[in-house]
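Numbering (UniProt numbering), first residue to last: 1 to 357.
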């Protein structure tokens, strides 16, 4: 055996050990950073939602699996793994096509078929097994979601015709329904999210706007509702997870969130709100009075945008069930509620001090 081969083999073994050691060191640091937290019980899980088709209505469920790609159900059915695109292969949302929120998804008992329903139209069914097991992938397209290009599978002309009619797009052209097959995060961080220190590409998820999960504190929503003429329910803000029994706006100060015995999440940014939050989820129309954004704008804003909820990322995957206890650790042990500071957010979340708080 040649000496050069032995030297190369020794080098590769050394390199492998270094990589493995580095990976172990990273894992230990990552694990210790949340297991060494000072946990405090603050509430429990009251509602869980997934939105299989981006911008369409929700499915309320009793349990989910929390993964870096988002909430998943049995058979790996995920949150926001379908989306609607236009003829330019660009994302379409309810901001421009508000009737999307009227499309109600459901699954068959075996979780093999996704059923889309809309009043006045026949149901449209998607064979999930066939979609996931199609090895030929003849209908892959390159679509744009915000600033990222992603590979998607086009569901065909029948799906296009159905969703175009439901949305009543008029002269806006045909819409297409597509499926996102990736099982890991591949999108780039949006420019507007780079001001947040904790944001990273590993937490973007599937086709979510910002991060793989959005969490809502029901007490914060209750406080908003005391200021509204017409109260709204949690689905107006389209969360995945709703927590009850916490203090209003306490979420502004959470660092890590532990749900049940295993699942650990980290707060990455406040969830800023735009025109989508003023689309009535029951009528599919833009709010004529601008609520609830109009009121939210009077007391909870960051960088000129109203805030409700927090965007979080998964640090340790696990199951989440209705009724699970919720524990948090606080940033610098700061428990000051931002409901008392009119939405003045701490500087910990920003890369610079130029953001309007």
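Backbone N, C-alpha and C fix where the C-beta goes; we use that ideal spot for every residue, glycine too.
State whether the segment 315 to 331 contacts the segment 262 to 270, with contact taken as three or more CB pairs (one from each stretch) at a distance under 8 angstroms.
-> Flag = yes, the segment 315 to 331 and the segment 262 to 270 touch.
From 143, 248, 125, pick the residue whose C-alpha is nearest to that of residue 218; which is it?
-> 248
Does the segment 153 to 162 touch the segment 236 to 254, meaning 3 or more C-beta pairs lie closer than 8 angstroms?
-> Contact between the segment 236 to 254 and the segment 153 to 162 is absent, because fewer than three Cβ pairs lie under 8 angstroms.
State the DSSP-derived secondary structure class of residue 296, mapped to helix, strand or coil.
-> Here residue 296 carries a helix assignment [DSSP, helix/strand/coil].
Rounded to the nearest angstrom, how far is the Cβ of residue 57 from that of residue 103, given a contact under 8 angstroms?
-> 6 angstroms
Cα-Cα separation, residue 250 to residue 225 = When rounded, the separation of the alpha-carbon atoms in residue 250 and residue 225 is 17 angstroms.
Taking residue 235 as part of the beta strand (DSSP E), name the residues at either end of that continuous run.
-> First-last for residue 235: undefined, no H or E at that position.
Whole-angstrom distance between residue 120 and residue 200, CA atom to CA atom | 42 angstroms
Cβ neighbours of residue 336 in the same chain (closer than 8 angstroms, five flanking residues each side left out) | Low local confidence applies: a pLDDT of 43 at residue 336 is under 50, so the model's placement there is unreliable, with the coordinate-based value given in what follows. Hits under 8 angstroms: 253.
From the DSSP output, which residues share a beta bridge with residue 240?
-> Note: residue 240 sits in no beta bridge, so no partner.
For residue 144, which residues from the same chain have a beta carbon less than 7 angstroms from its beta carbon, with the 5 sequence-adjacent residues on both sides left out?
-> Non-local beta-carbon contacts of residue 144 in its own chain, meaning distances under 7 angstroms to residues more than five positions away in sequence, involve 89, 90, 91 in chain order.
Can you give me the start and stop residues for the beta strand (DSSP E) that residue 130 sits inside?
-> No beta strand (DSSP E) holds residue 130; the alpha helix (DSSP H) holding it covers 128 to 132.
Which same chain residues, not among the five before or five after residue 51, have their C-beta less than 7 angstroms away from its C-beta?
-> 58, 79, 80, 238
Looking only at its own chain, which residues have a Cβ that is under 7 angstroms from the Cβ of residue 169, when we skip the five neighbours before and after it?
-> Excluding sequence positions up to five before and after residue 169, its CB lies within less than 7 angstroms of the CB of 97, 175, all in the same chain and listed in chain order.
Identified DSSP bridge partners for residue 114 | According to the DSSP secondary-structure assignment, residue 114 is paired through a beta bridge with 107, 126.
Entirely enclosed alpha helix (DSSP H) segments - the UniProt domain "MOSC" (187 to 329), minimum 4 residues | 218 to 225, 293 to 296
Sequence-distant residues of its chain with Cβ nearer than 7 angstroms to residue 228 (five each side left out) | 291, 292, 295
Just confirm the distance between the C-beta atoms of residue 243 and residue 46, as a whole number of angstroms; I'd bet it's less than 8 angstroms.
-> 7 angstroms
Alpha carbon to alpha carbon, how far is residue 334 from residue 38?
-> For residue 334, the predicted model reports a pLDDT of 47, less than 50, meaning its position is unreliable and no value from the coordinates is stated.
How is the beta strand (DSSP E) around residue 148 delimited, first residue to last?
-> 148 to 154
Cα separation between residue 75 and residue 109?
-> 11 angstroms
Among residues of its own chain, excluding the 5 on either side of residue 269, which ones have a beta-carbon nearer than 8 angstroms to its beta-carbon?
-> Annotation for residue 269: 193, 196, 198, 199, 210, 211, 310, 311, 349 place their beta carbon closer than 8 angstroms to its own, counting only its chain and skipping 5 residues before and after.
Run of the beta strand (DSSP E) containing residue 66, from where it starts to where it stops = 63 to 67
Report buried or exposed for residue 67, applying the criterion of at least 16 other Cβ atoms within 10 angstroms of its Cβ.
-> buried
To the nearest angstrom, how far is it from the Cα of residue 301 to the Cα of residue 273?
-> 9 angstroms
Residue 115 burial status per 10 Å Cβ neighbour count (16 or more: buried) = So residue 115 counts as exposed.
Residue 155 to residue 179, Cα distance in whole Å?
-> 7 angstroms
Closer than 6 angstroms by C-beta to residue 55: which residues in its own chain qualify, once you throw out the five before and the five after it? Chain order, please.
-> 93, 94, 100
Which term fits residue 231, buried or exposed, when burial requires 16 or more other beta carbons within 10 angstroms of its beta carbon?
-> exposed
Identify which residue in 331, 246, 313, 285 has its Cα closest to the Cα of residue 44.
-> 246
By a C-beta neighbour count over all protein chains shown, 10 Å radius and 16 as the cutoff for buried, is residue 184 buried or exposed?
-> exposed
Between residue 149 and the rest of its own chain, which residues show a CB-CB distance below 6 angstroms, the 5 nearest in sequence each way excluded?
-> Once the five neighbours on either side are set aside, the close Cβ partners of residue 149 are 142.
Would you tell me roughly how many angstroms separate the C-alpha atoms of residue 139 and residue 133, rounded to the nearest one?
-> 13 angstroms
Report the three-state DSSP secondary structure of residue 91 (helix, strand or coil).
-> strand
Residue 323, buried or exposed, once every other Cβ within 10 Å from all chains shown has been counted against 16 = The residue is exposed, with fewer than 16 neighbouring Cβ atoms inside 10 Å.
Which listed residue (275, 181, 257, 297) has its alpha carbon closest to that of residue 69 | 181
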